[in-house]
Structures are given as structure tokens and as C-alpha cells.
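Only one structure is covered here, and it is reproduced in the block below.
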Amino acid sequence: MKHLTTFLVSLAFAATANAQAPATAACDIQVLTDSCRARLKPFHYNAINTLHVNLKSIQQTPEINLPAMPGMIYRVIVNISSMPQGTEVSIYNVPKGAKKRSALYTYNTDSLKNSHVGFFDFTEDANRYGRIFIDYTIPEANPKICATGCAVILSGWETGGEEQ
249 MKHLTTFLVS LAFAATANAQ APATAACDIQ VLTDSCRARL KPFHYNAINT
299 LHVNLKSIQQ TPEINLPAMP GMIYRVIVNI SSMPQGTEVS IYNVPKGAKK
349 RSALYTYNTD SLKNSHVGFF DFTEDANRYG RIFIDYTIPE ANPKICATGC
399 AVILSGWETG GEEQ
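Structure (C-alpha cells):
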């Protein structure tokens, strides 16, 4: 009887602890990638980048960059459906710290309510560094939102003239 009581108390404690734990975002990279690939045409696949984050007590702003060659038109597709609410993605033509830096394109989890997938097309004229720079602004940890998240960036290219 003592063991049964101990077991029931332990079970009740475990159930309470699990109910109070924040939910984690479902992070199926293949599903996120497939949703990006569906928006790639007529561009040719170039690269993919995944971002996995654990929320911290401070806001995070990681930056990644993708190569860009002269004479090409690029499409960058970002899926942030598995990122916490309040995540923002901005695309720049210059790196952090550069003078006269302004966002070419910005979107967030609030502006993409239905799909959380956004894309941006640009030419090499949009970049001076032969790269584009993608910044994520990830909110600080909050017990009411997910403690982790992930995102996928997929890029593609096409020539400036007729497609080859």
C-alpha cells in the first residue's frame, strides 16, 4: 500500500510538472524545406541553410550570409513557421556594422500569419559584397511561448536574360 501511495504521488507530481512545461515547436526540417521548394520555381536551387535556436533570457540576432554572383537574379525563401512568435527576418545587402545599412526586405511571424513563409527576389545590383545578409531577430525566452525553434532558408538563381 505504501508503494502504491508513493507511486500515485509521484505520478501526480510528474503530470503537474509536464503540464507547466512550455511547449516546444515542431521542427520537421523536411516539411519546412518542402514548403520552400514549392515557391522556388522558376528559379534553380542554389543553397539551403537551417537555423536551430534555444531561446535565451536576452534577444538574439544571428546573421547568416549567402553568396550572390553578378548577372544573376536570386530568390531567397524563408520558412519561420517553427520559430517563436515575434521572430523577425530581415535581408540586407551589407553586413552588420556597415554604414548606410537598410533592410531590403523584412517580415515576421505576425505579418505571415497564414504560411510563415516569405520570399524576396533580387539582382546582383542589390548587393555590393557578392553576398546577401540575413538577420534573424529572435525574442527573449518567455514561459508562455516555445523554448526552441527552427527555420529554413532556401535560395535559388536564374540568369538575367533567357533561362538556360
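The sequence shown begins at 249 in our numbering and counts up one residue at a time. Glycine is no exception: its CB is placed at the ideal position from the N, C-alpha and C atoms. Remember, it's a predicted structure, so these values are computed and weren't measured experimentally.
Alpha-carbon to alpha-carbon, Cys394 and Trp405: A direct Cα-Cα distance of roughly 34 Å separates Trp405 from Cys394.
Neighbourhood of Phe367 by C-beta, 7 Å cutoff - its chain only, sequence neighbours within 5 removed: Result list for Phe367: Arg287, Arg323, Val324 and Ile325, in chain order.
Paired residues, beta bridge with His300 - DSSP: Residue pairing for His300: DSSP places it in a beta bridge opposite Cys398.
Identity of the residue in Ala316, Lys289, Asp383 and Asn294 nearest Tyr340 by Cα: Nearest to Tyr340 by C-alpha distance, out of Ala316, Lys289, Asp383 and Asn294, is Asp383.
8 Å CB neighbourhood of Ile277 in its chain, flanking five on each side removed: If we look at Ile277 and ignore the five residues flanking it on each side, its Cβ neighbours are Thr298, Cys398 and Val400.
Nearest-angstrom Cα separation, counted from Lys348 out to Val342: Going from the Cα of Val342 to the Cα of Lys348 covers about 9 Å.
Of the residues Asp358, Ser359, Ser338 and Gly345, the one placed nearest Ala351, counting alpha carbons only: When each option's Cα is compared against that of Ala351, the closest is Ser338.
Span separating the alpha-carbon of Gln307 from that of Glu388: Straight across, the Cα-Cα distance linking Gln307 with Glu388 is about 4 Å.
Neighbourhood of Thr371 by C-beta distance below 6 Å, restricted to the same chain and skipping five residues each side: Excluding sequence positions up to five before and after Thr371, its CB lies within less than 6 Å of the CB of Ile321, all in the same chain and listed in chain order.
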